[in-house]
Amino acid sequence: MKKRTSLVLMGIILSGSVPAQAQTAGAPPDAVRKYVAVSDPRVALRHVRVIDGTGAPPAEDQALLIADGRIASVGPDRDARIPKGVKILNLEGRTVIPGLVMMHEHLVYPTDRSADAGRMYPSHALTFPRLYLAAGVTTMRTAGTAEPVTDLNLKHEIESDKAVGPDIDVTSSWMDGNPPIILQETPIRDAAEARRQVQFWSAEGVTSFKVYMYLTREPMAALIDEAHRLGHKVAGHLCAVTAREAAELGIDSLEHGLVVFTDFVPGKKVGECPDPEALDKVTAGLDVGSAPVRDLIRELVARHVAVDSTLAVFETDAKRRPPLPQGTLDTLTPEAQVSYLRRRARIADDPDETGTILLAKEMQFEREFAEMGGQLLAGTDPTGYGGVIAGFGNWRELRLLNEAGFSAVEVIRIATLNGARFLGREDRIGSIAPGKQADLVVIRGNPVVKMTDMENVELVFRRGVGYDSAKLVASARGLVGSR
Ligand SMILES: [Zn+2]
C-alpha cells in the first residue's frame, strides 16, 4: 500500500498540520515534539533500581547509559564512568523496567451505545497510541482490528516520527466465519479465500493474523498454513474450533485463555460455536486442576502454543472489583463514562456470580499453564463494554497477573521478554541489556514492594527518546469514546 503523504483530503487542507517539506529534515513535527521530555542522543539514568525483564531480581543503585537509541551499558552506579557531554538524570527512588511488549491490544474501542452495541468498533488511532506509550508500552500487537489500513498508516507514521506511539505489530482484521458477527470483520467462506486474504494483507504490510470465533477448521487450517508460509504468526479467539484442534493446526497463540475454550463443553459438535451462556456455565464449573485441563495444557506446551492473558477485560464482568480510577474515567467522553458506569452498576446488582467465578478460574488456569512450562503473554483487550482503556488497562492487566500469583518480577517478564520472544525480537527488545533498543520505562517507586507503583510512570523511552507520560495522558482527556 502506498503511504499517504498528502495533507489534502477531499479538497480540504487539514488545519494544524505542517507540510512535511516545511519541517527540518530529521526533526520530529510539533505533534511529536511536544511530548518529548528527553531527546539528547546520550543519556545516563543514575541511581536507579533495574528490573531487567529476564526474571532476575531487582538490582539496586544502577547506572544505565543510553547512546543513539540503544542501551550502551548498565551496572552499579559507583562503577559508572559517565563520559562528558552525556545528559544526566538523577533518578533516585525510581525503578527502570524494559518497555512493555503487549500482545492483545487494539486501536479500536466500543463506542456504540445502542442496542447494536458490539457490532461496531470505531478506530481510536488518535488517543490509544498515546495512552499505550504513556503506560510504558513500547511494542504492541493489535491482535485483530476493524481498520487494518488505519493501523498500517499509523504504524508508518510512528516509525517515521510523525506520530507518537509504540512499535506496532499490525494484525489483520478479525477473520471470521460467514456471515460476520461484527460489521467490520472479514467473513471467510472457504480455504481458498483464507489464503487469498493472507496473501493480500501480508503484501500490504500486516505481520500477524487473527482468527475469530466462528471460523471453522478447514479455512482456519489454510489460513494458518498460508500465514506460516509467509513468515507470520496466527492468534486465535476460538469458539467453533477447540483449543486442542487449533493447536493441532499449528496456531501460535490462544487469546484470552480457558474462559473461551470450548474443549470441555459436553456434546460440542465439530465446527459449532456453543451458546456463550452455556459455555460460561461449563467453564465456571470446571476443576482447573483436573486431569482433562492438565492434559490440554500439556498438549499446548508440547506444541509451543502461547496463551495470551487478558484478565483486565474479564475483570469488568466480575463483581466487587475496583471501578476505573478517576484519572482513567477522565479520559472518556461524558457519554462513554455514563455508559460504562451504568453497565458496571447493572453487573454489581445482578445476583449472577458467573463473571466473578470465571475471573478466578482464568487466573488459576494461567498460573497452572505457566507452572507447566507454558509461554504466557500479556494483553489488555480494550473491548468488552468499554471498561478497559488503552494504557490504564495495561497496568490493570499487570496488577491482575500479580493477584493471580505471579511475583512482580515474573509479571514484568511476562509483559516484556515473553512478548519479545513470541515476536522473535528478543535480540532487540524485551529486556535491559547492552546493545538492545533503549525501550525503557521509568517508574516512581518499586513495584516489587507495591505492584501499583507500576502506575507511577514518569518517562517512557522508545528507541532512546524519552516521552513525558503525564503529557501523553493529558492529551487524551475526554476523547476516549470519540477518537
Ligand atoms: Zn480482542
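Okay, so the sequence shown: first residue is 5 according to my numbering, each after it adds one.
Using N, Cα and C, we set each Cβ at its ideal position, and we do this for glycine too.
Please determine, among the options, the residue with the shortest C-alpha to C-alpha distance to residue i.
i      : options                           : result
ASP171 : LEU463, GLY140 and GLY148         : GLY140
ALA348 : ALA382, GLY390 and ARG307         : Rather than Ala, the amino acid found at residue 348 in this sequence is Arg. The shortest Cα separation from ARG348 among ALA382, GLY390 and ARG307 belongs to GLY390.
LEU95  : ASN450, GLU249 and ILE436         : ASN450
MET376 : VAL311, ALA437, GLU357 and ALA340 : VAL311
VAL249 : LEU304, THR287 and ALA288         : Looking at the sequence itself, residue 249 is Glu, so the reference to Val does not match. Nearest C-alpha to GLU249: LEU304.
ARG85  : GLY103, GLN66, THR99 and VAL342   : GLN66
LEU405 : PHE373, GLY275 and ASP267         : PHE373
THR99  : ALA412, ASP431 and ILE433         : ALA412
LEU258 : VAL446, GLN379, MET455 and ALA424 : GLN379
TRP205 : PRO327, GLY235 and THR314         : GLY235
ALA492 : VAL342, VAL392, THR358 and GLN341 : It is not possible to answer for residue 492, since the shown part of the chain is limited to 5 through 487.
ILE416 : ARG429, ILE447, GLY428 and ASP165 : ILE447
GLU407 : ARG467, ALA364, LEU242 and LYS285 : ALA364
ALA225 : ARG325, GLY169 and ALA196         : ALA196
ASP44  : SER164, ALA437 and ASP72          : ASP72
GLY209 : PRO152, ALA480, PHE410 and ALA129 : PRO152
LYS475 : LEU427, PRO33, ALA41 and PRO32    : ALA41
ALA239 : GLU230, HIS232, ASP256 and ASP229 : ASP256
THR142 : ARG467, LEU362 and SER486         : ARG467
LYS273 : ARG221, VAL453 and GLU339         : ARG221
GLU163 : LEU427, THR115 and VAL469         : VAL469
ASN3   : THR360, HIS232 and VAL309         : In the structure as shown, the chain starts at 5 and stops at 487, and residue 3 therefore has no counterpart that could be examined.
ILE491 : THR420, GLY428, GLU430 and ARG481 : With the chain covering only 5 through 487, there is no way to say anything about residue 491.
LEU253 : ARG298, ARG307, PRO280 and VAL286 : ARG307
GLU414 : LEU290, SER435 and LYS214         : SER435
VAL216 : ALA63, SER176 and LEU104          : Per the sequence shown, the amino acid found at residue 216 is Tyr instead of Val. With distances taken between Cα atoms, TYR216 lies closest to SER176.
At a cut-off of 7 Å, is residue i close to ligand 1 when judged by its beta-carbon and the heavy atoms of the ligand?
i      : result
ALA147 : yes
THR387 : yes
HIS108 : yes
Please return the same chain residues whose Cβ sits closer than 6 Å to the Cβ of residue i, not counting the five positions on each side in sequence.
i      : result
LEU69  : ALA48, ALA76 and SER77
GLY395 : LEU135, TYR136, ALA138 and ALA139
LEU93  : LEU49
VAL477 : ALA138
ASP155 : LEU111, THR146, THR149 and VAL174
LEU483 : THR131
THR314 : HIS108, HIS260, GLY383 and ASP385
ARG8   : Confidence at ARG8 is low in this model, with a pLDDT of 38, below 50, so the placement of that residue should be treated as unreliable; the coordinate-derived value is given next. Answer for ARG8: no residue qualifies.
ALA231 : VAL202, PHE213 and VAL238
Quick one: residues in its chain with C-beta nearer than 7 Å to the C-beta of residue i, no 5 flanking neighbours on either side, listed in chain order?
i      : result
TRP399 : ALA139, MET458 and GLU459
GLU276 : ALA244
LYS283 : For the sequence presented, residue 283 should be read as Leu rather than Lys. Here the set comprises THR266 and VAL269.
LEU187 : ARG123 and MET124
THR320 : GLY388, TYR389, GLY391 and VAL392
SER473 : ALA138, VAL461, GLU462, LEU463 and VAL464
HIS51  : ASP65, ASP81, ASN94, LEU95 and GLU96
Can you list, in chain order, the residues of its chain with a C-beta nearer than 8 Å to that of residue i? Leave out the 5 residues immediately preceding and following it.
i      : result
LEU192 : This sequence places Ile at residue 192; Leu is not what is there. Excluding residues within five positions, the ones whose Cβ falls inside 8 Å are MET179, ASP180, GLY181, ASN182, ALA198, GLN201, LEU219, PRO223 and LEU227.
LEU300 : ALA247, ARG248, PHE265 and ASP267
ALA167 : ALA35, VAL36, PRO133, LEU158 and GLU161
ALA31  : ARG37
ALA26  : At ALA26, the pLDDT of 42 sits below 50, so the modelled position is not reliable; the number obtained from the coordinates is stated separately. Around ALA26: no qualifying Cβ.
Is residue i near ligand 3, in the sense that its beta carbon is under 7 Å from a heavy atom of that ligand?
i      : result
GLU319 : Ligand 3 is absent from the structure shown, which contains only ligand 1.
For the region 183-195 and the region 234-249, state whether three or more C-beta atom pairs, one from each stretch, are separated by less than 8 Å. Pairwise C-beta distances place the region 183-195 out of contact with the region 234-249, as fewer than three of them are shorter than 8 Å.
If contact is defined by three or more beta carbon pairs under 8 Å, each pair taking one atom from either stretch, is the region 356-371 in contact with the region 330-337? Note that the region 330-337 does not touch the region 356-371; fewer than 3 beta-carbon pairs, one per stretch, sit closer than 8 Å.
Sufficient close CB pairs (3 or more, under 8 Å) joining the region 430-448 to the region 284-298: Here the region 430-448 makes no contact with the region 284-298; the two share fewer than three CB pairs at distances below 8 Å.
Run through the region 64-109 for me and flag every whole beta strand (DSSP E) of 3 or more residues, listed as ranges in chain order. Taking only runs of at least 3 residues, the beta strand (DSSP E) segments lying wholly in the region 64-109 are 74-80, 91-94, 98-102 and 104-106.
Unbroken alpha helix (DSSP H) runs of length 4 or more, entirely within the region 259-295: which are they? Within the region 259-295, the complete alpha helix (DSSP H) segments at least 4 residues long are 280-288, listed from N- to C-terminus.
Taking only runs of the alpha helix (DSSP H) that begin and end inside the region 317-388, which ones reach a length of at least 4 residues, in chain order? Runs of the alpha helix (DSSP H) inside the region 317-388: 330-333, 338-353 and 358-375.
Unbroken stretches of the beta strand (DSSP E), 3 residues or longer, contained in the region 163-250: With a minimum length of 3 residues, the continuous beta strand (DSSP E) runs that stay inside the region 163-250 are 171-173, 175-180, 212-215 and 237-240.
Alpha helix (DSSP H) runs wholly inside the region 390-421, at least 4 long, in chain order: Qualifying alpha helix (DSSP H) stretches, in chain order: 396-407 and 412-418.
Can you list, in chain order, the stretches of the alpha helix (DSSP H) that have 4 or more residues and sit fully within the region 453-484? List check, alpha helix (DSSP H) in window: 473-478.
Which runs of the beta strand (DSSP E) at least 3 residues long sit entirely within the region 37-63? Give them in chain order. The DSSP assignment places 40-42 and 46-54 as complete runs of the beta strand (DSSP E) inside the region 37-63, in order along the chain (cut-off: 3 residues).
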